[in-house]
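Colleague:
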Amino acid sequence: MERRSSEAALIPVLQMLSYLVISLGALFMAFKAGSLPASRWEPMSAGTFPQIIFFSIAALCGLAVIAEIVKHGLPRTSLKHAWHKLIALKTVIINLVLFIAYMIAMPVAGFIVSTFTYLLIAQLYLAPRQLITLLIAVAVAILFSAGPYYLFSEVFSIYLPRARW
4 MERRSSEAAL
14 IPVLQMLSYL
24 VISLGALFMA
34 FKAGSLPASR
44 WEPMSAGTFP
54 QIIFFSIAAL
64 CGLAVIAEIV
74 KHGLPRTSLK
84 HAWHKLIALK
94 TVIINLVLFI
104 AYMIAMPVAG
114 FIVSTFTYLL
124 IAQLYLAPRQ
134 LITLLIAVAV
144 AILFSAGPYY
154 LFSEVFSIYL
164 PRARW
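Position in the sequence shown counted from 1, then plus 3, gives you my numbering.
1) Of the choices P110, A149 and V111, whose alpha-carbon is the least far from that of L122?
2) Alpha carbon to alpha carbon, how far is I107 from V16? Give it in angstroms, no decimals.
3) Please name the residue in P53, A61, F57 and I56 whose C-alpha comes closest to that of S26.
4) For S156 and Y162, what's the separation of their Cα atoms in angstroms?
5) By Cβ distance below 6 Å, which residues in the same chain neighbour M4 in space, the five residues on each side in sequence not counted?
6) Taking only the alpha-carbon atoms, compute the straight-line gap between F177 and L30 and give it to the nearest angstrom.
7) Helix, strand or coil for L77, going by three-state DSSP, please let me know.
8) Quick check: what's the CA-CA separation for K88 versus A130?
9) Ends of the alpha helix (DSSP H) at I135?
10) Please list the terminal residues of the continuous alpha helix (DSSP H) segment that includes L82.
11) Alpha carbon to alpha carbon, how far is V95 from A142? Give it in angstroms, no decimals.
12) Does I103 pass the burial test, meaning 16 or more other C-beta atoms within 10 Å, or should it be called exposed?
13) So, under 8 Å CB-CB, N98 and A67 are touching, yes? Tell me the CB distance rounded to an integer number of Å.
14) Helix, strand or coil: how does DSSP classify G50 here?
Now the structure itself:
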């Protein structure tokens, strides 16, 4: 079954792209989980179960792409139409980029600094430009960066990443 308009083909293109992105992310996480330390007393390492889960997610996403292609054929859409739809998602894409930068910065800058920076920038991007908004954004960023850090370290004895500088 061939799609006739670029509007009708855009949704399957986005679905297939999302499947591929999720699959690649799951493969990356599976390989990262493989580097978790192994126990001398257990037959499987700490990363075995996460690897199974992430490889399963990657395989299911791959099967979803294949099923979509078999069911509907390769989707066709115009680049111009796809670009206009992508621009409409600018806020989502910027927040995704900010979150990825946050995850990359966390091992180096530590949980408190990276979380504070991410929350402050994301809130200032999304909120209206007013003094009260700035004050609320700073208060929320402080509360949700320092609060969970001390909760996890003092109550649960789980230590979140610390800065390496």
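Yeah, the Cβ is synthetic: ideal placement off N, Cα and C, and Gly gets one too. Values in this document were obtained by computation on a predicted structure and should not be read as measured data.
Modeller: Looking at the coordinates:
1) Nearest of P110, A149 and V111 to L122, Cα basis: A149.
2) Between V16 and I107, the C-alpha separation is close to 28 Å.
3) For the residues P53, A61, F57 and I56, the minimum Cα distance to S26 belongs to A61.
4) Cα-Cα distance, rounded: 5 Å.
5) The predicted position of M4 is uncertain, since its pLDDT is 48 and thus under 50; a value taken from the coordinates is nonetheless stated next. Within the same chain, Cβ atoms closer than 6 Å to the Cβ of M4 are found at H75, the five residues on either side in sequence being excluded.
6) No statement about residue 177 is possible, as the shown extent of the chain runs from 4 to 168 and does not include it.
7) Assigned with DSSP and collapsed to three states, L77 falls in coil, not helix or strand.
8) So the alpha carbons of these two residues sit roughly 23 Å apart.
9) It spans L134 to Y153 - the alpha helix (DSSP H) in which I135 sits, taken as one unbroken run.
10) Segment L82 to I90, the alpha helix (DSSP H) holding L82.
11) Roughly 23 Å between the two C-alpha positions.
12) Burial state of I103 is exposed, judged by a 10 Å Cβ sphere holding fewer than 16 other Cβ atoms.
13) 25 Å between Cβ atoms; not a contact.
14) For G50, the secondary structure class from DSSP, reduced to helix, strand or coil, is coil.
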